[in-house]
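What follows is a set of notes on a single structure, which appears directly below.
Numbering (the numbering used here), first residue to last: 169 to 369.
Right, here's the structure in full:
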């Protein structure tokens, strides 16, 4: 068989291989900017109002290709000492043994393991939440809120929401005794922004 006749037979398998294994961009490392990264939490108080607080100055990284269908990988840390409710007395209570117990468990972490793409820049992210010394799997709804340019370079932002039962992490004050002082369900809204570093070649 001549070379000209063999070429189509060689090209077709190569094209099939490319289709089966498409080129994928290397993920960039996004270092969180603590000034613009915060976790909000909401809980019901005395079966009445919904009370909000926050953890300021989140730290960590996100690994992402910046491609709309590729899921990011989160590694985020909050310091219990950065709890902020607008009340110094309440902040002190939250850091004490009835709640987060900052002396024994000074940080809260989330590390993602895998994700399912819902739509462009929208994923269901699964990972481990470590809170109050307990690590349990959680599922969060996450979106990329944008990619922009700042004075120091490219920025990327995300927002993730999830709801947990704090009693499953051993934080039962107000759920059992005194009963119904505080709700069990806690809604979390995690807003992240970070500086994008290009992958090393």
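C-beta atoms are modelled at their ideal positions from N, C-alpha and C, and glycine is treated no differently.
Computed from a predicted structure; not experimentally measured.
| query | Do you know offhand how far residue 342's Cα is from residue 262's? | reply | If you take the alpha carbons of residue 342 and residue 262, they lie about 12 Å apart.
| Residue from 227, 216, 218, 221 whose Cα sits closest to the Cα of residue 120 | Nothing about residue 120 can be read from this structure; the chain reaches only from 169 to 369.
| query | Are the region 311-319 and the region 258-278 touching, with three or more C-beta to C-beta distances below 8 Å? | reply | Contact between the region 311-319 and the region 258-278 is absent, with fewer than three C-beta pairs closer than 8 Å.
| field | DSSP state of residue 270 mapped onto helix, strand, coil | value | Here residue 270 sits in coil by DSSP.
| In three-state DSSP terms, what is residue 289? | Here residue 289 sits in coil by DSSP.
| Distance, Cα to Cα, residue 361 vs residue 208? | Going by the C-alpha atoms only, they are around 14 Å apart.
| task | Could you pull out every unbroken alpha helix (DSSP H) segment of at least 4 residues lying fully inside the region 210-273, listed in chain order? | result | Listed in chain order, the complete alpha helix (DSSP H) runs (minimum 4 residues) inside the region 210-273 are 256-262.
| task | Report yes if the C-beta distance between residue 359 and residue 326 is below 9 Å; otherwise report no. | result | A contact, by the Cβ cut-off of 9 Å.
| task | Could you pull the start and end residues of the beta strand (DSSP E) that residue 355 belongs to? | result | Boundaries of the beta strand (DSSP E) harbouring residue 355: 353-365, taken from the DSSP string.
| query | Which two residues bound the contiguous beta strand (DSSP E) that contains residue 317? | reply | Segment 302-318, the beta strand (DSSP E) holding residue 317.
| query | Is it a yes or a no for the region 328-338 touching the region 245-263, going by three-plus beta-carbon pairs under 8 Å? | reply | With a cut-off of 8 Å, the region 245-263 and the region 328-338 do not count as touching, because too few Cβ pairs lie within range.
| message | Going by DSSP in three states, residue 206 sits in which element: helix, strand or coil? | response | Residue state, collapsed to three classes: strand.
| Less than 9 Å separating the beta-carbons of residue 238 and residue 195? | Contact flag set, yes.
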